[in-house]
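Residue numbers (the working numbering): -18 to 381. So the structure is just underneath, and the comments pick up after that.
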Amino acid sequence: MKKYRLRAIGMLIAIACASCGEWLYLIALNLKVYEQADRAAAAVAILYMIKPAAGLLMNSWAGSIIDRLDNRKLMILLYVIRILGIAGMIMATSLWQIYVLVFFVAAAGAIFEPASLPYITGLIRERHWQKFNSYRAIADGSGFVLGPAAAGILVGTGSVEVALGANIVLLLVAVSICIALPSVKVILEERQEGRWLNIWKEDWRLVTAFSKKFVMLTVLLLLFSCITVMTAAIDSMEVAFSAEAIGLSEPAYGLLVSIAGIGFISGSVLLTIVSRHFRSIQLLTYGAAGGALGYVLFAFSQSFFPASAGVFILSGALAFANAGYVTYMQEHVPVEKMGRMLSMYQSIEAILIIGMTAGLAGINQLTSVAAAVQTGCLIMLSLTIFLAIISKRALVREKA
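Encoded structure:
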């Protein structure tokens, strides 16, 4: 039991290190590209196109590999690719070199999430899934709070390269923990003979057949994916909305981001206390509803205080929603199919993120940034209402 607890704690430390490093990487990379491109904002905007593009390219087929390999070894390989890619960025002397390396790092990150979930599902006992996911929310939230603060200190006292180097150190800690953890014995797909294209097509048929067989599960997961899409599309306009619609200065916006981090941590801590009293589907639904209401409050705010209340609520609620979503996946999707299911759903999600971000940008051009953000938030609220109706039916079936 002691070894089991140490493994769970080690996994949480690795997640916290990776989360903190992700924020260090994001902020330092934005600054490096901005400086490298002679302060051209368009050069930074390209970075936000590379990640969903890499996800779209990788997730459509990565699940076929994930469910046929040792997930722990694959996670170690992906960590190494990210470390080498970031090390290359420190030494890069041109923008195109940075963009190529960003693509490889983003591609490794896109594969890592669907690879890590089956591993964690096997590592943690079923009765502890929801509890572990509650603590995982705190691990992710610590990166949300500490990462930007650490990036500001390291960039201010050192340089962008120092911040990227700190990210490498955090990833080395995470990969060292991953090496120390055991491989998890799960029923993997037998190696199939034949061309890779045929295997890929067969896997898509498997996911489609599973989705048709468990329609309620599929609708719930896709609805939550659509809500996630809306959060990503709205967040892409957050800076412009805060400045133009609410009139926040840069320091005020920085404070708003800090409040969001505090909200996420507060929600995560509350989640660890109350999670045992709720089913995973309830955490998902209540969290999504709270997040949508927080976004609506933020979207219709005209001053700092209601906006800060909105981001505090939405951040705390999303901690509940994310933990509920992951636990619900673990409870209802067979671990030997989880990599393919998650990867292929995320490829659909990437397409929707690109399309919805472009759609809100179009509304912004035709009207205003406030109208675009408010439209996105109202769509999210509508999706949440639909999610609540479907989840209530699913909960009745589970109890039956």
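Glycine included, every Cβ here is placed at the ideal spot set by N, Cα and C.
Query                                                                                                                                                       : Result
From which residue to which residue does the alpha helix (DSSP H) around R63 run?                                                                           : 52 to 72
So the candidates are G244, V220, I92; which of them puts its Cα closest to the Cα of I47?                                                                  : I92
Would you kindly report the start and end of the unbroken alpha helix (DSSP H) that includes Q111?                                                          : 110 to 138
Which word fits F205, buried or exposed, when buried means at least 16 other C-beta atoms lie within 10 angstroms of its C-beta?                            : buried
Looking only at C-alpha atoms, which of K13, Y326, T338, A(-3) sits nearest to V200?                                                                        : Y326
Let me know the secondary structure DSSP gives G272 once reduced to three states.                                                                           : helix
Whole angstroms are fine: how far does the CA of M197 sit from the CA of A381?                                                                              : Reliability fails at A381, whose pLDDT of 44 lies under 50, so the model's placement of it is uncertain and the value that follows must be treated cautiously. Distance between the alpha carbons of A381 and M197: 15 Å.
Comparing C-alpha positions only, which one of S157, G122, L28 sits nearest to A85?                                                                         : One point to set straight first is that residue 85 is Phe, not Ala, in the sequence displayed. Nearest option by C-alpha distance: L28.
Can you look up A369 in the DSSP assignment and give me helix, strand or coil?                                                                              : helix
Suppose you measure from the CA of A214 to the CA of P33; what does that come to, to the nearest Å?                                                         : 12 Å
Pop quiz: S261 and E312 are said to be a contact at Cβ under 8 Å. What is the actual Cβ separation, rounded to whole angstroms?                             : 6 Å
Apart from the five residues just before and just after E94, which ones in its own chain have a Cβ nearer than 8 Å to its Cβ?                               : L323, Q327
Just mark T338 as buried or exposed, buried being the case when its beta carbon has 16 or more other beta carbons within 10 Å.                              : buried
In three-state DSSP terms, what is R422?                                                                                                                    : Missing from the structure shown is residue 422; the chain here goes from -18 to 381 and no further.
Within the chosen definition, does the region 285 to 302 reach the region 63 to 81 through at least 3 CB pairs nearer than 8 Å?                             : no
Taking the alpha carbon of M218 as the point to measure from, which residue in V350, A241, F293, F191 has its own alpha carbon closest?                     : V350
Take F222 and list the residues in its own chain whose beta-carbon comes closer than 6 Å to its own, dropping the five residues that flank it on each side. : V350, V354
Would you check if the distance between the CB atom of F245 and the CB atom of F367 is smaller than 8 Å?                                                    : no
Quick check: what's the CA-CA separation for F279 versus M361?                                                                                              : 13 Å
For G(-9), which three-state DSSP category applies?                                                                                                         : helix
Pick helix, strand or coil for S239, following the three-state DSSP scheme.                                                                                 : helix
Give the single residue among S296, V277, G122, P163 whose Cα lies nearest to the Cα of I57.                                                                : P163
Between the Cα of V154 and those of A144, C(-2), K182, G343, spot the shortest distance and give me the residue it belongs to.                              : C(-2)
Mind checking whether A18 and L76 have CB atoms under 8 Å apart?                                                                                            : yes
Do you know how far the Cα of V277 is from the Cα of Y333?                                                                                                  : It should be pointed out that residue 333 corresponds to Leu in this sequence rather than to Tyr. Answer to the nearest angstrom: the Cα atoms are 21 Å apart.
In the structure shown, what three-state DSSP assignment does F195 receive?                                                                                 : coil
Sorted by chain position, which residues of the same chain lie with C-beta nearer than 8 Å to I344's C-beta, five sequence neighbours on each side aside?   : A352, A353, T356
Is it buried or exposed, P129, if we count other Cβ atoms within 10 angstroms and call 16 or more buried?                                                   : buried
Given this structure, state the Cα-to-Cα distance separating C159 from L50, to the nearest angstrom.                                                        : 16 Å
Between L55 and the rest of its own chain, which residues show a CB-CB distance below 6 Å, the 5 nearest in sequence each way excluded?                     : A96
Can you grab the Cα-Cα spacing for the pair G66 / A(-5), in whole Å?                                                                                        : 19 Å
For my contact list, I8 and A132 are in at a C-beta cut-off of 8 Å; report their separation, rounded to the angstrom.                                       : 4 Å
Can you grab the Cα-Cα spacing for the pair L274 / I335, in whole Å?                                                                                        : 24 Å
When you compare each of W42, G271, G242 to L364 by their alpha carbons, which one comes out closest?                                                       : G271
Can you check which of these residues, R374, L347, V314, C207, is closest to L359 by C-alpha distance?                                                      : C207
Over what stretch of residues does the alpha helix (DSSP H) that includes T348 continue unbroken?                                                           : First-last for T348: undefined, no H or E at that position.
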